[in-house]
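> The structure's right below; bear with me while I get my questions together.
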Amino acid sequence: MLYGFRLGFICVLTGALVSVSCGGSSDGVAECGDLPPYREFVITDYDISTRHHSEPVTTTTYVYGEATTTEPVPWNHLGIQLESQANVYVAREATTRWSLFPTANACSPVPPQPTQTIQSIEIVSDNAYTDAYPAGTDLAAIMNRYGDDYGVHADSVSAYIAEQPPARRSLNLFFTQAPQYERHTFTITIELDDGNVFVKDTPEVYLEVQDSPGE
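Just so you know, we're using full-length UniProt numbering here: the sequence shown kicks off at 1 and counts up by one.
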């Protein structure tokens, strides 16, 4: 009788511990609740480069190309890449959740998350891009952004900025309209919500203008 009582008590205690141990649930998954990310980053600067892609850059394909040289680049093979310099901060230390049995950790570390948002991006050339876009005119309306942070996708820079998006670690841009003029030095100005403004110039590039998108 005493043995049966002890065995029953142990079974009840074990079940209770599995159910409630440090936020655990009956399906063995530790519940985290609304917790901040483990790490956050703050952008302090950007590095800019121009890339020569082996194939045309479109809204559905984007393969990171080689750095441009003094050789002319087909306009639709040109990508402009901005890589951020950032300080990473620990927002919350990882905690160990205890359970009698192994649980799936729903609080696993995630990559550092952005703390800033982009307020504006301006892209200009020191030369006329077309007759409709003279030197110094914002070219954002004829540029797309390629992103792979939440699956491969592309959208216009203008639409992207309208969302006041998080300032992520990299920004990759490409043109959607052919130029009429070949020589360009592009200047990109990025303004963040904390008041930081970054102004970056590309190397001088020469664009071949005979190609059309997707060719």
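Glycine included, each C-beta is placed from N, C-alpha and C at the ideal position.
A quick note: this is a predicted structure, and the numbers were derived from the prediction, not measured.
Measure the C-alpha to C-alpha separation of T44 and S170 and round it to an integer number of angstroms.
The residue given as residue 44 occupies position 44 in the sequence shown. The residue given as residue 170 occupies position 170 in the sequence shown. Their Cα atoms are separated by approximately 13 angstroms.
> Counting C-beta neighbours from all protein chains within 10 Å, is the total for V20 16 or more, i.e. buried, or is it exposed?
Working through the sequence shown from its first residue, we reach residue 20 at position 20. Low confidence applies here, because V20 scores a pLDDT of 41, under 50, leaving its location unreliable; read the following figure in that light. That one is exposed.
> Are A141 and A135 touching if we call contact CB-CB under 7 angstroms?
The residue you call residue 141 lines up with position 141 of the sequence shown. The residue you call residue 135 lines up with position 135 of the sequence shown. Their beta carbons are not under 7 angstroms apart, which means A141 does not touch A135 by this criterion.
> Between which two residues does the beta strand (DSSP E) harbouring L84 extend?
On the sequence shown, residue 84 is found 84 positions in, with the first residue counted as 1. The residue asked about is misnamed: residue 84 is Ser in this sequence, not Leu. Start and end: L78 to V90.
> Assuming contact is defined by CB atoms lying nearer than 7 angstroms, are L173 and I80 in contact in what I supplied?
Translated into the one-based positions of the sequence shown, residue 173 becomes position 173. Translated into the one-based positions of the sequence shown, residue 80 becomes position 80. Yes, the Cβ-Cβ distance between L173 and I80 is below 7 angstroms.
> Go to V42, then tell me how far its beta strand (DSSP E) extends in each direction, as first and last residue.
Here residue 42 is taken as the residue at index 42 of the sequence shown, counted from 1. Note, V42: beta strand (DSSP E), R39 to H52.
> Measuring alpha carbon to alpha carbon, tell me which residue in H53, T117, E122 and W75 is nearest K200.
Reading the sequence shown from its first residue, position 200 is the one you call residue 200. The candidate whose alpha carbon is nearest that of K200 is E122.
> Give a yes or no on whether the C-beta atoms belonging to P166 and L207 are separated by under 7 angstroms.
Taking the sequence shown and counting its residues from 1, the one referred to as residue 166 is at position 166. Taking the sequence shown and counting its residues from 1, the one referred to as residue 207 is at position 207. Contact: no.
> Per DSSP, what kind of secondary structure is V197 in: helix, strand or coil?
Here residue 197 is taken as the residue at index 197 of the sequence shown, counted from 1. Of the three classes helix, strand and coil, the one that applies to V197 here is strand, per DSSP.
> With 16 other CB atoms within 10 Å as the buried threshold, where does I190 fall?
Counting from 1 along the sequence shown, the entry for residue 190 is found at position 190. I190 should be labelled buried.
> Can you give the Cα-Cα distance for P74 and E182, rounded to whole angstroms?
Start at 1 with the first residue of the sequence shown, and residue 74 comes out as number 74. Start at 1 with the first residue of the sequence shown, and residue 182 comes out as number 182. Going from the Cα of P74 to the Cα of E182 covers about 10 angstroms.
> Give a yes or no on whether the C-beta atoms belonging to E163 and Q113 are separated by under 7 angstroms.
Taking the sequence shown and counting its residues from 1, the one referred to as residue 163 is at position 163. Taking the sequence shown and counting its residues from 1, the one referred to as residue 113 is at position 113. Result no, Cβ atoms of E163 and Q113 do not sit closer than 7 angstroms.
> Please report the distance separating the alpha-carbon of residue 285 from that of E55.
Past the edges of the chain, shown from 1 to 215, lies residue 285, and the structure says nothing about it.
> Terminal residues of the continuous alpha helix (DSSP H) containing I121?
Working through the sequence shown from its first residue, we reach residue 121 at position 121. Note, I121: premise wrong, no alpha helix (DSSP H); beta strand (DSSP E) at I118 to S125.
> Need the endpoints of the beta strand (DSSP E) that I188 sits in, please.
By 1-based counting over the sequence shown, the position of residue 188 is 188. Run containing I188: F186 to L192, per the beta strand (DSSP E) assignment.
> Hey, out of Q177, S84, V209 and Y146, whose CA is closest to Q116's CA?
Position 116 of the sequence shown, counted from the start, is the residue given in the question as residue 116. When only C-alpha atoms are compared, the closest one is S84.
> C156 bridges to which residues according to DSSP?
By 1-based counting over the sequence shown, the position of residue 156 is 156. According to the sequence as given, residue 156 is Ser; it is not Cys. Paired residue(s): N144.
> Taking DSSP's pairing of strands, which residues face V205 in a bridge?
In the sequence shown, residue 205 corresponds to position 205, counting from 1. Partner(s): H184.
> Cβ of L82 within 7 angstroms of Cβ of I48?
Position 82 of the sequence shown holds residue 82. Position 48 of the sequence shown holds residue 48. Yes.
> Indicate whether F186 and M143 have their beta-carbon atoms separated by less than 7 angstroms.
Mapped onto the sequence shown, residue 186 falls at position 186. Mapped onto the sequence shown, residue 143 falls at position 143. Not closer than 7 angstroms, so no.
> Once the 5 residues before and after L78 are set aside, which same chain residues still bring their CB inside 8 angstroms of it?
Within the sequence shown, residue 78 is the residue found at index 78, counting from 1. Cβ neighbours of L78 beyond the five flanking positions: T50, R51, H52, H53, V57, T68, F174, F175, V205 and L207.
> Whose C-alpha, out of V88, D126, E71 and V42, is nearest the C-alpha of I188?
Working through the sequence shown from its first residue, we reach residue 188 at position 188. Nearest of V88, D126, E71 and V42 to I188, Cα basis: D126.
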